[in-house]
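Report on the structure given below.
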Amino acid sequence: MMTATQEIEIKQYLISKKLDHELLLEIKDHFILQITHLMEDHNISFQEAFLQTQMNWKYELEMVRADILSVRKVSRIEKHILQNRFRKMTGYALLSSVLFLILLYTEPDLYNEVQMVAFAIIFGLAGYNFIFRKMKLYHYTQISFHPLLLKNLFVGLVVMGCTSFFFQDFRMVASVIIKPFFLFATAVQIQLLYWNAKKVNVLI
Numbered sequence: 001m002m003t004a005t006q007e008i009e010i011k012q013y014l015i016s017k018k019l020d021h022e023l024l025l026e027i028k029d030h031f032i033l034q035i036t037h038l039m040e041d042h043n044i045s046f047q048e049a050f051l052q053t054q055m056n057w058k059y060e061l062e063m064v065r066a067d068i069l070s071v072r073k074v075s076r077i078e079k080h081i082l083q084n085r086f087r088k089m090t091g092y093a094l095l096s097s098v099l100f101l102i103l104l105y106t107e108p109d110l111y112n113e114v115q116m117v118a119f120a121i122i123f124g125l126a127g128y129n130f131i132f133r134k135m136k137l138y139h140y141t142q143i144s145f146h147p148l149l150l151k152n153l154f155v156g157l158v159v160m161g162c163t164s165f166f167f168q169d170f171r172m173v174a175s176v177i178i179k180p181f182f183l184f185a186t187a188v189q190i191q192l193l194y195w196n197a198k199k200v201n202v203l204i
């Protein structure tokens, strides 16, 4: 039978891996089950079973960079979860961008209104995060350096750089090209703030 002190030792070990709270609790349950199984079936001490379980989880709990454009390190298992989450966020952002581009194609004069609504949503979500202490100012400033936004910026710069060789009136062309990238970045920021408010790890 595992003692409370031993459970605390397991939790402290998992905390050192900087796991998201829900993921930590889930992995902690797996650790307890595996350690208990090893202690009972192999008649070994808690420390021996704990060490063996750590070795079994070594690959999944290894600290790696969360993204190629991020300096933050997370466990490998959490990186996979984050990357899946980012793929979904990218999909939603692309879909919303396409829908708004279709709307703006039919109603070009609505661009300013779309910007105002987008900024209002962002400020509203940011305000909620600040008021209820779900985010600090430092974390908000870090949103600009989020991997999804950096990738969007990089692609935007490459596209505009390439088109500058083919058009004489670059300003006019840039004003058109920048719209989908602005819409994508806005959709990503809204999702980041929303998920942060829900206390879901999105690397903020």
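Taking full-length UniProt numbering, I'd label the letters of the sequence shown as residues 1 to 204.
Where a beta carbon is used, it is the ideal one built from N, C-alpha and C, also for glycine.
With DSSP as the reference, label Met1 as helix, strand or coil.
Met1 falls in the coil class under three-state DSSP.
Exposed or buried, Ile102, counting other C-beta atoms within 10 Å across all chains shown (16 or more means buried)?
Exposed: under 16 other Cβ atoms inside 10 Å.
Rounded to the nearest angstrom, how far is the Cβ of Asn104 from that of Leu110, given a contact under 8 angstroms?
Residue identity check: residue 104 is Leu in the sequence provided, not Asn. Indeed, because the Cβ distance is near 6 angstroms, the residues count as touching under 8 angstroms.
If you follow the alpha helix (DSSP H) that Met55 is part of, which residue opens it and which one closes it?
46 to 56
So who's on the other strand from Ser75, going by DSSP bridges?
Met63
Near Asn56, which residues of its chain fall below 8 angstroms by C-beta distance, leaving aside the five closest residues on each side in sequence?
Gln34
Whole angstroms are fine: how far does the CA of Leu24 sit from the CA of Ala49?
Going from the Cα of Ala49 to the Cα of Leu24 covers about 19 angstroms.
Just checking, does the stretch 69 to 89 make contact with the stretch 169 to 186 on the three C-beta pairs under 8 angstroms criterion?
no
If you draw a straight line from the C-alpha of His21 to the C-alpha of Ser75, how long is it?
13 angstroms
Out of Ile121, Phe167, Leu19, point me to the one whose CA is closest to Val64's CA.
For Val64, the nearest C-alpha among the options comes from Leu19.
Between Asn152 and the rest of its own chain, which residues show a CB-CB distance below 8 angstroms, the 5 nearest in sequence each way excluded?
These residues qualify, in order along the chain: Phe181, Phe184, Ala185, Val188.
Can you name the start and end residues of the alpha helix (DSSP H) that Lys28 belongs to?
21 to 42
Which same chain residues end up closer than 7 angstroms to Met39 when comparing Cβ atoms and leaving out the 5 residues on each side of it in sequence?
Excluding sequence neighbours, Met39 sits near Phe46, Ala49.
Check each candidate in Asn196, Gln191, Ser164 and name the one with the smallest Cα separation from His139.
Among Asn196, Gln191, Ser164, the Cα nearest to that of His139 belongs to Asn196.
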